[in-house]
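Asks: Quick note, in the numbering used here, the sequence shown goes up one by one and the last residue is 565. Where is the CB? At the ideal position from N, CA and C, for every residue including glycine.
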Amino acid sequence: MSRLVVVSNRVPSAKDSAGGLAVALGAALAERGGLWFGWSGETSGEREADRVHIRTEGNVDYALVDLTQRDLDEYYSGFANRALWPLFHYRLDLTDFSRKDLAGYFRVNRFFARALAKLIQPDDIVWVHDYHLIPLASELRQLGVRNRMGFFLHIPWPPPDVLFALPPHEELVRSLASYDLVGFQTAYDVENFAACVVREGMGRRVGDQIYDTYGRVFRMGAFPIGIETAAFAKLASESGKDDLVRRLETSLESRKLIVGVDRLDYSKGIGQRIEAFSRFIETNPDQKGQVVFLQVTPKSRSEVPEYADMQREVAELAGRVNGALGDVDWTPIRYINRTIGRGALAGIYRMADVGLITPLRDGMNLVAKEYVASQNADDPGVLVLSRFAGAARELDGALLVNPYDIDDVANVIGRAITMPREERVARWRGMYARLHRYDINRWLETFLDTLNKVEPAPSVDTGALAAAG
Ligand code: ADQ
97 MSRLVVVSNR VPSAKDSAGG LAVALGAALA ERGGLWFGWS GETSGEREAD
147 RVHIRTEGNV DYALVDLTQR DLDEYYSGFA NRALWPLFHY RLDLTDFSRK
197 DLAGYFRVNR FFARALAKLI QPDDIVWVHD YHLIPLASEL RQLGVRNRMG
247 FFLHIPWPPP DVLFALPPHE ELVRSLASYD LVGFQTAYDV ENFAACVVRE
297 GMGRRVGDQI YDTYGRVFRM GAFPIGIETA AFAKLASESG KDDLVRRLET
347 SLESRKLIVG VDRLDYSKGI GQRIEAFSRF IETNPDQKGQ VVFLQVTPKS
397 RSEVPEYADM QREVAELAGR VNGALGDVDW TPIRYINRTI GRGALAGIYR
447 MADVGLITPL RDGMNLVAKE YVASQNADDP GVLVLSRFAG AARELDGALL
497 VNPYDIDDVA NVIGRAITMP REERVARWRG MYARLHRYDI NRWLETFLDT
547 LNKVEPAPSV DTGALAAAG
């Protein structure tokens with residue numbers, strides 16, 4: 097088995113509480129021996145490609161590099177999070193493109209490539225994650241690295257007319273062609289990407305999910321990410337003793353619970369969700385005092401202005417709804433800005449009669465899967481899920497909604513909260529079986545097996561082509 101090299105913008109630190117992806121990748125690295133490379137999370141005045149901090153745990157090396165404040169502003173807060181993130185979530189209105197940020201994005205990818213190239217051994221298999229690092233393979237190939245390389249995009253890939261609004265769209269597609277395998281969350285993303293390649297004549301289809309782009313042949317495919325299903329189910333079933341879970345249960349006084357859990361991000365549709373809950377109460381006055389909506393939302397990316405604006409807007413909206421609908425003994429919305437340990441989170445999901453997961457656009461949405469995995473098999477809650485989450489392609493027992501249609505979401509909340517037990521059990525069973533079969537480890541094996549089987553492309557190097565103009 098080849099050694100595995102994982103590359104992501106951030107490398108989980110020893111003190112982070114590891115999420116499912118970090119746990120699964122960590123386990124794969126430990127099994128094969130490997131290297132996890134990325135930004136240290138630290139800024140320094142100067143950056144030097146040979147100043148790589150290496151931490152070794154067992155047979156896994158964690159290799160970290162610092163970035164400068166300017167790198168972070170341009171590469172991370174700039175091009176990655178103010179151009180790629182909004183555009184890939186279909187938000188042209190929030191996309192802020194600048195050539196300065198784009199140059200920073202390519203500069204940091206080149207810097208990462210120079211530092212990483214020295215650590216890669218000839219038989220290594222390299223797996224790069226997410227939109228921050230699209231150009232990494234192309235930079236590595238220009239440095240002569242010929243290893244098998246795969247890329248997985250955690251967020252959606254937009255359709256051609258959305259992508260083409262981004263001036264450097266062709267460079268991004270050209271960069272992706274330097275990988276041997278490009279993985280997306282759903283078949284819709286694959287379709288969108290293939291349409292982008294073909295529409296502007298950047299490449300052509302030469303086989304099943306195989307494309308020749310700028311003279312380089314590569315494979316693409318859908319690899320829907322999973323969760324640690326069995327571990328989540330276990331955490332949830334053992335969560336009854338957790339202090340936070342008990343306090344929540346006592347405070348509910350047998351009221352029904354609806355839960356939403358998301359990073360504070362405009363793609364998650366939190367504002368529309370609050371409006372829909374409010375509409376549900378207005379149109380069902382008998383539910384006043386009978387139901388609580390708990391929205392758990394840790395702040396994220398506060399350095400990006402759109403996120404700071406959103407923090408204020410959502411807090412104000414929740415306050416306004418509580419002021420208008422609440423009573424001395426009932427606060428309809430509980431809005432909490434903090435992260436919660438996985439055990440307590442699983443317990444909250446299990447206690448909730450409804451999981452209200454309504455992103456405006458989402459690559460997958462792991463919360464939807466965690467909610468399903470955490471339910472009590474004999475008395476499960478109901479998942480209300482946006483049709484625009486990648487998870488909607490798999491979770492066919494959910495009640496699907498259009499999150500832009502506030503009346504529809506309000507009606508479906510009513511249907512979910514009154515759904516008879518037999519229907520809840522029937523809907524839940526199929527979803528759980530699928531999540532159990534196709535969990536995070538299966539996802540990881542499927543991606544790596546496919547990457548291992550891809551014929552390495554000896555065809556013309558994208559880098560050489562780019563250099564030749
Ligand atoms: P995210 O946009 O971060 O991920 P999501 O898939 O929902 O979205 O994952 C969030 C994770 O953070 C979940 O595991 C959840 O439990 C955790 N989390 C959220 N709020 C929390 C809280 N208050 N306390 C503790 N934990 C919390 C990106 C893409 C998604 C894609 C994932 C994985 O945007 O579409 O599903 O990557 O590929």
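Using 8 Å as the cut-off, can you tell me whether the stretch 246-260 makes contact with the stretch 280-295, which would need three or more C-beta pairs spanning the two stretches below that distance?
Replies: They touch, by the three-pair rule.
Asks: Could you tell me the distance, in whole angstroms, from the CA atom of arginine 343 to the CA atom of leucine 131?
Replies: Roughly 42 Å between the two C-alpha positions.
Asks: Give me, in chain order, the residues of the same chain whose beta-carbon lies closer than 7 Å to that of valine 80; leave out the 5 immediate sequence neighbours on both sides.
Replies: Any question about residue 80 goes unanswered here, given that the chain covers just 97 to 565.
Asks: When the Cβ atoms of the stretch 474-491 are set against those of the stretch 328-341, are three or more pairs found closer than 8 Å?
Replies: Contact fails: fewer than three Cβ-Cβ distances are below 8 Å.
Asks: Out of curiosity, what's the CA-to-CA distance linking glycine 422 and tyrosine 403?
Replies: Going from the Cα of glycine 422 to the Cα of tyrosine 403 covers about 27 Å.
Asks: I'd like the span of the beta strand (DSSP E) that includes valine 72, first residue to last.
Replies: Within the shown structure, residues of the chain are numbered from 97 to 565, placing residue 72 beyond reach of any answer.
Asks: Just confirm the distance between the C-beta atoms of alanine 440 and aspartate 338, as a whole number of angstroms; I'd bet it's less than 8 Å.
Replies: So it is a contact: roughly 5 Å between Cβ atoms.
Asks: In whole angstroms, what separates the C-alpha of tryptophan 218 from that of valine 241?
Replies: First, the residue type needs correcting, since residue 218 is proline and not tryptophan in the sequence shown. The alpha-carbon atoms of proline 218 and valine 241 are separated by roughly 8 Å.
Asks: Work out the CA separation of aspartate 535 and isoleucine 216 for me, nearest whole Å.
Replies: The alpha-carbon atoms of isoleucine 216 and aspartate 535 are separated by roughly 29 Å.
Asks: Is the separation between the beta-carbon of arginine 143 and that of aspartate 157 shorter than 8 Å?
Replies: No.
Asks: Quick one: complete alpha helix (DSSP H) runs, 4+ long, within the stretch 236-261?
Replies: Taking only runs of at least 4 residues, the alpha helix (DSSP H) segments lying wholly in the stretch 236-261 are 256-259.
Asks: Figure out for me which residue from Arg178, Asn498, Asn472 and Leu100 has the closest Cα to the Cα of glutamate 334.
Replies: Of the listed residues, the one whose Cα sits closest to glutamate 334 is Asn472.
Asks: DSSP beta-bridge partners for leucine 153?
Replies: Position check: residue 153 holds glutamate in this sequence, whereas leucine was assumed. Glutamate 153 is bridged to Val156.
Asks: Answer yes or no: the CB of glutamate 466 versus the heavy atoms of the ligand FAD, is any distance below 7 Å?
Replies: Ligands displayed in this structure: the ligand ADQ; the ligand FAD is not among them.
Asks: Could you name the residues that DSSP lists as bridge partners for phenylalanine 389?
Replies: DSSP lists Ile354 and Ile429 as partners of phenylalanine 389.
Asks: Taking DSSP as the reference, what is the three-state secondary structure of leucine 190?
Replies: Helix, per DSSP.
Asks: Check whether the stretch 432-449 touches the stretch 375-393, counting contact only when three or more Cβ pairs, one atom from each stretch, lie closer than 8 Å.
Replies: With a cut-off of 8 Å, the stretch 375-393 and the stretch 432-449 count as touching, because enough Cβ pairs lie within range.
Asks: Indicate, with yes or no, if the ligand ADQ has a heavy atom lying under 7 Å from the CB of leucine 544.
Replies: Outside the cutoff, so no.
Asks: Along the chain, where does the alpha helix (DSSP H) containing valine 148 start, and where does it finish?
Replies: Looking at the DSSP string, valine 148 is not in any alpha helix (DSSP H), and its letter there is neither H nor E.
Asks: Starting from the C-beta of threonine 558, find all residues in its chain whose C-beta is less than 7 Å away, skip the five residues before and the five after it, and write them out in chain order.
Replies: Residue placement at threonine 558 cannot be trusted, given a pLDDT of 42 that sits under 50; what the coordinates show is reported in the next sentence. Around threonine 558: Ser234, Arg237, Arg270, Ala273, Ser274, Tyr310 and Arg312.
Asks: Is it buried or exposed, histidine 228, if we count other Cβ atoms within 10 angstroms and call 16 or more buried?
Replies: Counting Cβ neighbours within 10 Å, histidine 228 comes out buried, since at least 16 surround it.
Asks: First and last residue of the beta strand (DSSP E) that includes threonine 346?
Replies: No beta strand (DSSP E) contains threonine 346, which is instead part of the alpha helix (DSSP H) from 339-348.
Asks: Using CA atoms only, rank isn't needed, just tell me which of His185, Gly122 and Ile509 is closest to glycine 154.
Replies: The option with the nearest alpha carbon to glycine 154 is Gly122.
Asks: Going by the DSSP bridge assignment, what does phenylalanine 319 pair with across the sheet?
Replies: According to DSSP, which records beta bridges pairwise, phenylalanine 319 is partnered with nothing at all.
Asks: If contacts are defined as beta-carbon pairs under 8 Å, then glutamine 368 and isoleucine 377 qualify, I think. What distance do you get, rounded to the angstrom?
Replies: Actually they are not in contact, since the Cβ atoms of glutamine 368 and isoleucine 377 sit about 15 Å apart, beyond 8 Å.
Asks: From serine 140 to aspartate 501, what does the alpha carbon distance come to, in whole angstroms?
Replies: Cα to Cα, the separation comes out at about 47 Å.
Asks: Exposed or buried, serine 363, counting other C-beta atoms within 10 Å across all chains shown (16 or more means buried)?
Replies: Its Cβ being crowded by 16 or more others within 10 Å, serine 363 is buried.
Asks: What are the boundary residues of the beta strand (DSSP E) that includes arginine 300?
Replies: From DSSP, the beta strand (DSSP E) with arginine 300 extends over 299-303.
Asks: According to DSSP, is asparagine 105 part of a helix, a strand, or is it coil?
Replies: Three-state DSSP puts asparagine 105 in a strand.
Asks: Look at the alpha carbon of histidine 532 and the alpha carbon of tyrosine 431, and state the distance between them as a whole number of angstroms.
Replies: Rounded to the nearest angstrom, the two C-alpha atoms are 31 Å apart.
Asks: Under the three-state reduction of DSSP, which class applies to glutamate 551: helix, strand or coil?
Replies: Residue state, collapsed to three classes: coil.
Asks: With C-beta atoms as the reference, is proline 320 less than 8 Å away from glutamate 541?
Replies: Their beta carbons are not under 8 Å apart, which means proline 320 does not touch glutamate 541 by this criterion.
Asks: With distances taken Cα to Cα, identify the nearest neighbour of glutamine 407 among Thr435, Ile366 and Leu190.
Replies: Considering only alpha carbons, the answer is Ile366.
Asks: For alanine 420, name the three-state secondary structure that DSSP assigns.
Replies: In this structure, alanine 420 counts as helix in the three-state DSSP scheme.
Asks: Give me the Cα-Cα distance between alanine 522 and glycine 493, rounded to the nearest whole angstrom.
Replies: C-alpha separation (whole angstroms): 8 Å.
Asks: How about threonine 454: is its Cβ closer than 7 Å to a heavy atom in the ligand ADQ?
Replies: No, the ligand ADQ has no heavy atom inside 7 Å of this Cβ.
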